Amino acid sequence: MIRNKKNNVNSIFVLLLAFFSSSLAVTIDISPDKNISVSRYEIAALKSYMKELFRFHMSDKGAMKVAKENKILANEYIKKYGLSDFDKSKIEVMANTYLADNMVKRIQNEIKISDKVLYSYYLDNKEKYKTGDKIDFISFEFNDMRKAIDFYVRVRDKDFSYAQKIADEENVDTKEFLNQKLFKIDPNIKKYLDDHKSGYFLPPIYLKGRNIKVLYVKNYKQSDKDDYLSFEQVKDEIAKKLKEKNFIKVRNELIEKYKRETP
Amino acid sequence: MIKYLFLVFQIFFFLGCGMKIPHYSDVILPKDLNISNEKEKLLVKRFTEYWHLRSNGALEDSYKYELPYQRYLNTLEEYKRMIQGYRGIKTKLVKIDYIDENQSIITRKVVYSDNKEIERKDKWFYIRDNWYHKFYQTIFPPSNQEEAQFQ
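Note that the protein sequences, when read in sequence, are chains A and B. Heads up: the first sequence begins at -19 in my numbering, then just goes up one per residue. Heads up: the second sequence begins at 3 in my numbering, then just goes up one per residue.
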């Protein structure tokens, strides 16, 4: 049950999450607060949220500012429109999703994946860990995510010359990054790379301290040398990858287990 | 001295038994197969056992031969669903190639009930103590070049 307090005009919005173990539902208690304050937990939570969903790295100062602004606007929303049943349900759904996903992740993290499993993945995918492969990128630089997304949507199915034409017309800066070693490339870029392919665009990426980039993969240069990252160097990355692939399976197993345990 | 020799003989005899390549009518090895070392002998043994199991639908047992990470990602039930399309009744080992000391590609011929033979390849990986097979789904037509070669 959500208590809807519309009558505190100058109050601050505070979200309290209460979980009652005797029931399967998550109950959200939304009540205004008298003072605008942002805790360090809220700053950490907002930074984590932006990083996970948008690959966007916020500073502490930036997160505090945004968190405070969100509170002001949220409070005004309740004052002006109240919380509809749909609003309440949506907030509960988001909370349930967060808790459900984290339940799976924590269970996964409690179980260590054996070295044998990790090493078998490493051997089967060893080409991905070749150190000699290099990539040439052309970077289209933006300081506004919306403009970057708009640009990417327009060019992603087109060739480079079309993107260059748009960039020239709209004064978008471009930079060339040649011979970037594959194994040193930022993981946020690497996950979008298509094995050994050239001539395509990556979705907008924000790298901490730098502009938002829409990267064009100009050349993928495969190395002749057989140098690879060692298993020890990549085993954590492999464990993370396997857990991501295994997420739905573990989720389904947990649901079956808890359904059986619940009368 | 005689007792010592007898003991050594027993050890070699039983070791040989442990590493013996089984004979099955549905897995045919070339007569001129030249096995160079114990590791390769183990590979041929695992290959023979595996395709005997697959030809007879013993998927609970063939599952144990699959790559450890594939077993981590796919339950036995999922595995059975993914490879249920296999229809070979016999397997003929053609040749063994090595990508490196831990990765082997075995060329084989699959014999079907109408006696048609189709050439396919197997990937085997040596992980810590044994050779493991990489399986590919056989329900749908191959979706990429690798699947087409190894399905």
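Cβ atoms here follow ideal geometry from the backbone N, Cα and C, with glycine treated the same way. All of these numbers come straight from a predicted model, not from anything done at the bench.
- At least one C-beta of chain B is nearer than 8 Å to the C-beta of Ser100 (chain A).
- Closest option to Val46 (chain B), judged by alpha-carbon separation, among B:Val29, B:Gly87, B:Lys82: B:Val29.
- Annotated three-state conformation of Thr93 (chain B) is strand, per DSSP.
- Not a single C-beta of chain B is nearer than 8 Å to the C-beta of Lys108 (chain A).
- The continuous stretches of alpha helix (DSSP H) do not include Glu156 (chain A), which lies in the beta strand (DSSP E) extending over residues 153 to 161.
- Approximately 5 Å separates the beta-carbon atoms of Val84 (chain A) and Arg231 (chain A); this is inside 8 Å, confirming the contact.
- Taking 8 Å as the cut-off, the beta carbon of His135 (chain B) is found no closer than this to the beta carbon of Leu61 (chain B).
- In the structure shown, Thr50 (chain B) falls within a helical segment according to DSSP collapsed to helix, strand and coil.
- Contact of Phe127 (chain B) with chain A is assigned, a C-beta pair being separated by under 8 Å.
- Here the stretch 205 to 212 of chain A does not lie against the stretch 53 to 63 of chain A, with fewer than 3 beta-carbon pairs under 8 Å apart.
- In terms of beta-carbon proximity, Asn199 (chain A) stays away from the interface with chain B, with every pair separated by 8 Å or more.
- Using a 10 angstroms sphere on the CB of Asn76 (chain B), the tally of other CB atoms reaches 16 or more, which defines it as buried.
- If you check the CB distance, Phe117 (chain A) and Lys170 (chain A) do not come in under 8 Å.
- DSSP lists no bridge partner for Ser210 (chain A).
- Using a CB distance cut-off of 8 Å, Pro32 (chain B) does not count as an interface residue toward chain A.
- Chain-order list of chain A residues neighbouring Asn104 (chain B): Leu103, by C-beta distance under 8 Å.
- Every alpha helix (DSSP H) of 4 residues or more that sits fully in the stretch 66 to 119 of chain B is shown, in chain order, as 70 to 75, 78 to 84.
- Flagged as an interface residue toward chain A: Lys136 (chain B), by a C-beta distance shorter than 8 Å.
- With a cutoff of 8 Å on beta-carbon distance, Leu222 (chain A) and Tyr74 (chain B) are scored as near each other.
- Per DSSP, the unbroken beta strand (DSSP E) holding Ser119 (chain A) starts and ends at 114 to 122.
- For Asn55 (chain A), there is no enclosing beta strand (DSSP E); the residue is found in the alpha helix (DSSP H) stretching over 40 to 61.
- For Ser141 (chain A), the closest alpha carbon among the candidates A:Asn123, A:Tyr102, A:Phe181, A:Asn89 is that of A:Phe181.
- A residue is called buried when at least 16 other Cβ atoms come within 10 angstroms of its Cβ; Ile101 (chain B) does not meet this threshold and is exposed.
- Of the residues B:Gln153, B:Asp124, B:Ser145, the one whose Cα lies closest to the Cα of Ser106 (chain B) is B:Asp124.
- Residue burial annotation: Phe142 (chain B) is exposed, with fewer than 16 other C-beta atoms found within 10 angstroms of its C-beta.
- In this structure, the CA atom of Ile71 (chain A) is about 8 Å from the CA atom of Ile8 (chain A).
- Per DSSP, the beta-bridge partners of Tyr186 (chain A) are A:Ile192.
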